[in-house]
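S.K.:
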Amino acid sequence: MTDLQTREVSSSDAQPVRPAIIPAIRRRKKRSWGAAVWVGLSLAAALVPLAYLLSVSLMTQGQVSAGLLVPTSPAWGNWAAAFTESGLPRAIVNSVVASLGGAALTLVFALPAAWAMARHRTGGRTLAGLVLSPWLLPPIVAIVPVFTLLRVLGLNNTLAGLTLVYALTNTAVAIWLLEGFVRRLPVELDEAAQIDGAGEWRVLVSVVTPLLTPALVAVGVIVAVLNYNEFLFATFLTQGPDAQTVPVILSLMLGERVQDFGKIAAASLIGVIPVFAAAVFLQRWLVAGLTAGSLK
Amino acid sequence: MTATLTRQSDPRIGENRDAGPSRAPRRRPRTTWTRRVFVAPAVLALVVLGGYPLVFIALAAFTESSLGRPFQEFVGTATFESVLGDADATAALVRGVVYAVLVAVVSVVLGVATAVALWRSVRSGAIVRTLLLLPMITPPVVVGILWKLVFNPSGGLVDTVLGAVFPGGGTVSVLSHPVFAFLGVALADVWEWTPLIVLLVFAALIGQDTEIGEAAALDGAHGFRLFRSITLPAIAGVVGAAFLIRLVLAFKVFDLVYILTSGGPGQSTTMPAYLIWQAALQQFDVGRAAVITLLLAVVVTVVTLPVVAVTRRLHHD
Numbered sequence: 001m002t003d004l005q006t007r008e009v010s011s012s013d014a015q016p017v018r019p020a021i022i023p024a025i026r027r028r029k030k031r032s033w034g035a036a037v038w039v040g041l042s043l044a045a046a047l048v049p050l051a052y053l054l055s056v057s058l059m060t061q062g063q064v065s066a067g068l069l070v071p072t073s074p075a076w077g078n079w080a081a082a083f084t085e086s087g088l089p090r091a092i093v094n095s096v097v098a099s100l101g102g103a104a105l106t107l108v109f110a111l112p113a114a115w116a117m118a119r120h121r122t123g124g125r126t127l128a129g130l131v132l133s134p135w136l137l138p139p140i141v142a143i144v145p146v147f148t149l150l151r152v153l154g155l156n157n158t159l160a161g162l163t164l165v166y167a168l169t170n171t172a173v174a175i176w177l178l179e180g181f182v183r184r185l186p187v188e189l190d191e192a193a194q195i196d197g198a199g200e201w202r203v204l205v206s207v208v209t210p211l212l213t214p215a216l217v218a219v220g221v222i223v224a225v226l227n228y229n230e231f232l233f234a235t236f237l238t239q240g241p242d243a244q245t246v247p248v249i250l251s252l253m254l255g256e257r258v259q260d261f262g263k264i265a266a267a268s269l270i271g272v273i274p275v276f277a278a279a280v281f282l283q284r285w286l287v288a289g290l291t292a293g294s295l296k
Numbered sequence: 001m002t003a004t005l006t007r008q009s010d011p012r013i014g015e016n017r018d019a020g021p022s023r024a025p026r027r028r029p030r031t032t033w034t035r036r037v038f039v040a041p042a043v044l045a046l047v048v049l050g051g052y053p054l055v056f057i058a059l060a061a062f063t064e065s066s067l068g069r070p071f072q073e074f075v076g077t078a079t080f081e082s083v084l085g086d087a088d089a090t091a092a093l094v095r096g097v098v099y100a101v102l103v104a105v106v107s108v109v110l111g112v113a114t115a116v117a118l119w120r121s122v123r124s125g126a127i128v129r130t131l132l133l134l135p136m137i138t139p140p141v142v143v144g145i146l147w148k149l150v151f152n153p154s155g156g157l158v159d160t161v162l163g164a165v166f167p168g169g170g171t172v173s174v175l176s177h178p179v180f181a182f183l184g185v186a187l188a189d190v191w192e193w194t195p196l197i198v199l200l201v202f203a204a205l206i207g208q209d210t211e212i213g214e215a216a217a218l219d220g221a222h223g224f225r226l227f228r229s230i231t232l233p234a235i236a237g238v239v240g241a242a243f244l245i246r247l248v249l250a251f252k253v254f255d256l257v258y259i260l261t262s263g264g265p266g267q268s269t270t271m272p273a274y275l276i277w278q279a280a281l282q283q284f285d286v287g288r289a290a291v292i293t294l295l296l297a298v299v300v301t302v303v304t305l306p307v308v309a310v311t312r313r314l315h316h317d
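Protein sequences appear in the order of chains C and L. For the first sequence, position 251 matches number 251 in our numbering, and the numbering has no gaps at all. For the second sequence, position 4 matches number 4 in our numbering, and the numbering has no gaps at all.
#1: The alpha helix (DSSP H) that contains R125 of chain C, what's its start and end?
#2: Throw me the rounded Cβ distance for the V143 of chain L and E192 of chain L pair, which I believe falls under 8 Å.
#3: Is the beta carbon of S95 of chain C closer than 8 Å to that of T317 of chain C?
#4: Less than 7 Å between C-beta atoms, sequence neighbours within five positions excluded: which residues of the same chain meet that for P153 of chain L?
#5: Measuring CB to CB, does T209 of chain C end up less than 8 Å from A167 of chain C?
#6: Which runs of the alpha helix (DSSP H) at least 4 residues long sit entirely within the segment 135-212 of chain C? Give them in chain order.
#7: Going along the segment 157-183 of chain C in order, which residues come within less than 7 Å of chain L, judged by CB to CB distance?
#8: Just checking: is the beta-carbon of T311 of chain L within a distance shorter than 8 Å of some beta-carbon in chain C?
#9: Starting from the N-terminal side, write out each stretch of the alpha helix (DSSP H) that is 4 residues or longer and does not extend beyond the segment 221-298 of chain L.
#10: Is W33 of chain L buried or exposed, if buried means 16 or more other CB atoms sit within 10 Å of its CB?
#11: Kindly list the residues whose CB is nearer than 8 Å to the CB of S251 of chain C, restricted to its own chain and excluding five residues on each side of it in sequence; keep chain order.
#12: Could you check the C-alpha separation between Q8 of chain L and G50 of chain L for me, to the nearest Å?
#13: In chain order, what are the residue ranges of uninterrupted beta strand (DSSP E) at least 3 long that sit wholly in the segment 23-91 of chain C?
#14: In three-state terms, what does DSSP make of E73 of chain L?
#15: Go through its chain and collect everything with a Cβ distance to W115 of chain C's Cβ below 7 Å, but skip five positions before and after it.
#16: Applying the criterion that 16 or more other CB atoms from any shown protein chain within 10 Å of the CB defines a buried residue, is L177 of chain C buried or exposed?
#17: Does Y52 of chain L get closer than 8 Å to chain C when you measure Cβ to Cβ?
#18: Three or more beta-carbon pairs under 8 Å between the segment 218-232 of chain L and the segment 273-280 of chain L, yes or no?
#19: Does any CB atom of chain A fall closer than 8 Å to the CB of P140 of chain L?
#20: Please list the residues of the segment 82-94 of chain L that have a C-beta atom closer than 9 Å to any C-beta atom in chain C, keeping them in chain order.
#21: Counting pairs of Cβ atoms below 8 Å between the segment 74-82 of chain L and the segment 224-232 of chain L, do you hit three or more?
#22: Would you say S99 of chain C reaches chain L, if we count a Cβ-Cβ gap shorter than 8 Å as a contact?
#23: Does any residue of chain L bring its CB to less than 8 Å from the CB of I21 of chain C?
#24: In chain L, which residues lie with their C-beta within 7 Å of the C-beta of L240 of chain C?
#25: Can you check DSSP and say which residues form a bridge with T63 of chain L?
#26: Count the other C-beta atoms from every protein chain shown that fall within 10 angstroms of the C-beta of D88 of chain L, then say buried if there are 16 or more, exposed otherwise.
#27: What's the gap between the Cα of F182 of chain L and the Cα of D189 of chain L?
#28: Under 8 Å between beta-carbons, which chain C residues line up against G163 of chain L? List them in chain order, please.
#29: Listing by chain order, which chain C residues have their CB less than 8 Å from the CB of D285 of chain L?
#30: Is it the case that the Cβ atoms of W147 of chain L and L260 of chain L are separated by a distance below 8 Å?
#31: In this structure, does DSSP put Q283 of chain C in helix, strand or coil?
#32: Nearest-angstrom Cα distance between G125 of chain L and L41 of chain C?
#33: Pull out every residue of the segment 190-213 of chain C whose Cβ sits closer than 8 Å to any Cβ of chain L, in chain order.
#34: Within its chain, find whatever has a CB closer than 6 Å to the CB of A100 of chain L; leave out the 5 residues flanking it on each side and keep chain order.
#35: Taking the alpha helix (DSSP H) that V86 of chain L belongs to, which residues open and close that run?
#36: Taking DSSP as the reference, what is the three-state secondary structure of G68 of chain L?
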């Protein structure tokens with residue numbers, strides 16, 4: 001929370017304090033109509049495809065084929081069909097469980113590591129350099145080995161297995177993002193706690209964790225969204241409705257013999273609602289978390 | 001970001017392995033052990049998702065391996081020879097490079113332009129920024145469905161709009177033409193991930209030292225000159241890092257190909273990750289999949305190393 005916001009606030013607060021620069025800023029802002037047009041175009045580019053998806057979700061198959069862009073009379077039947085016929089509600093529950101469970105485990109794994117690595121260089125440059133390396137290659141690389149491993153552990157085709165895989169896949173990304181936040185904490189705080197006799201665990205649990213709560217929320221949101229959207233592991237590691245997630249169900253709907261585009265569009269939108277809701281309510285944390293890594 | 005990524009290419013990486021032990025005498029053993037426990041889950045993740053698959057793939061590449069029964073018989077470099085002699089496989093790797101570079105360049109150009117526009121525009125509140133972020137958090141499977149509907153030859157958005165502009169032109173089927181299908185997948189990819197570039201660059205623009213720009217403006221620098229000589233150098237490092245992230249994401253494209261084209265028409269959208277998936281999970285030939293994976297690793301390294309080097313220079317300037 002972060003630099004992005006505090007700096008934004010302070011730069012606008014600073015104007016009255018330094019009257020000399022007001023003209024320069026004003027002049028720049030005045031000539032920015034071109035920028036406003038570009039922002040408008042970007043918004044259109046981002047939103048028109050999504051609006052078209054909404055539009056298709058309210059059309060019958062005949063209306064889609066007739067080349068309508070906006071439905072004349074909304075066909076809500078697609079939404080009802082998508083919700084009742086495809087096992088979507090169960091898939092949403094599965095997705096939310098795997099996504100939040102995986103994110104929580106990831107944070108438990110990543111916070112101590114991020115703290116030890118950022119504060120005490122535990123593992124040295126070797127660990128810091130290696131930790132992100134699996135991210136560089138397509139996840140398809142790990143799928144056969146991970147499948148074999150889960151079979152040995154008896155976690156094949158279970159939600160628990162998928163959650164565990166998600167927890168491990170995102171640990172590296174979470175460490176990388178959290179390191180930026182840990183570096184911004186004043187060292188004096190944990191030193192003071194240690195002088196008062198607190199051990200490493202105590203410092204981590206009672207001093208670092210409370211201070212980093214906003215960062216943990218931010219990183220948790222990102223990781224949860226990544227988990228919710230993940231398709232490759234989900235489709236390969238889950239075989240039945242007990243463990244299948246939203247992207248898997250959607251891809252199965254696309255594979256049906258007769259494709260009902262209206263129903264598929266409605267199902268996609270229903271599946272997207274949890275992520276979009278999270279993004280709207282947690283926008284500040286999402287932005288803060290995403291920008292933390294690159295701005296170290 | 002860059003700091004972390006550049007470390008990987010550091011040739012002196014091995015020297016620091018003994019940095020821990022040499023410092024250890026000053027620390028109490030209990031502390032050291034606690035910290036080792038702290039990083040243990042990270043190391044576990046690295047072993048399970050990095051080390052173990054790497055060993056698995058290296059073994060599979062030199063053996064006869066199927067999905068059900070890996071490592072049956074040592075075959076030496078025979079699989080390498082057959083993959084390198086397979087025109088489809090080498091073409092997929094080349095296609096992957098062209099695709100990744102194209103998508104990354106277009107995303108970064110559009111992303112930087114949008115970020116600068118957001119920064120200079122009066123109206124760029126939280127609502128606008130959240131709306132701009134939506135493509136990035138949409139599940140890739142939904143992004144695929146969305147663009148499949150847009151490109152749908154019977155009544156999709158593209159077909160309908162082009163039909164209205166050029167009446168009587170017949171149906172427009174983007175995804176059944178080799179070149180347009182390739183560009184169609186690329187467009188969906190650019191749509192999905194450009195918001196990440198916008199976000200990273202926008203944060204860098206806000207975070208830059210405004211006083212330098214103000215001083216230059218007072219000295220008479222305006223418009224493009226001000227942007228080129230003050231703003232651009234200030235954000236160059238972040239732009240480089242964003243390009244690197246985007247390049248890697250584009251090399252990993254799978255979901256979009258799977259949903260939009262299944263690699264077709266012909267082989268025109270078969271990207272490396274999709275080819276590996278086909279080899280391992282459709283033909284059950286894990287040995288071949290492992291070899292393509294290793295070749296892809298080499299290709300990704302060769303393409304990203306210059307970018308890493310340039311990004312690192314930009315950060316130090």
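Cβ coordinates follow ideal geometry from the N, Cα and C atoms, glycine included.
M.R.: So, from the data block:
#1: 124-130
#2: 5 Å
#3: This structure does not reach residue 317 of chain C, given that chain C is present from 1 up to 296, and the question cannot be answered.
#4: D159, T171, V172, S173
#5: no
#6: 140-153, 159-169, 171-184, 187-195
#7: L168, T169, T171, A172, I175, W176
#8: no
#9: 223-226, 232-251, 255-260, 272-277
#10: exposed
#11: F231, T235
#12: Reliability of the predicted coordinates at Q8 of chain L is poor, the pLDDT of 39 falling under 50, and the value obtained from them is presented with this limitation in mind. When rounded, the distance between both Cα atoms is 14 Å.
#13: none
#14: strand
#15: V182, L204, V208
#16: buried
#17: yes
#18: no
#19: This model lacks chain A altogether, as its protein chains are C and L.
#20: none
#21: no
#22: no
#23: Because I21 of chain C sits at a pLDDT of 42, beneath the cut-off of 50, its placement in the model cannot be relied upon, and the point is left open.
#24: Just to set this straight, residue 240 of chain C is Gly in the shown sequence, not Leu. Per Cβ cutoff of 7 Å: no residues; G240 of chain C is ~18 Å from chain L at best.
#25: L:F74
#26: exposed
#27: 11 Å
#28: G67
#29: Those within 8 Å of D285 of chain L in chain C number zero; the least Cβ separation is about 11 Å.
#30: yes
#31: helix
#32: 16 Å
#33: G199, E200, W201, L204
#34: L247, A250, F251
#35: Looking at the sequence provided, one finds Asp at residue 86 of chain L rather than Val. Unbroken run through D86 of chain L: none, as it is neither H nor E.
#36: coil
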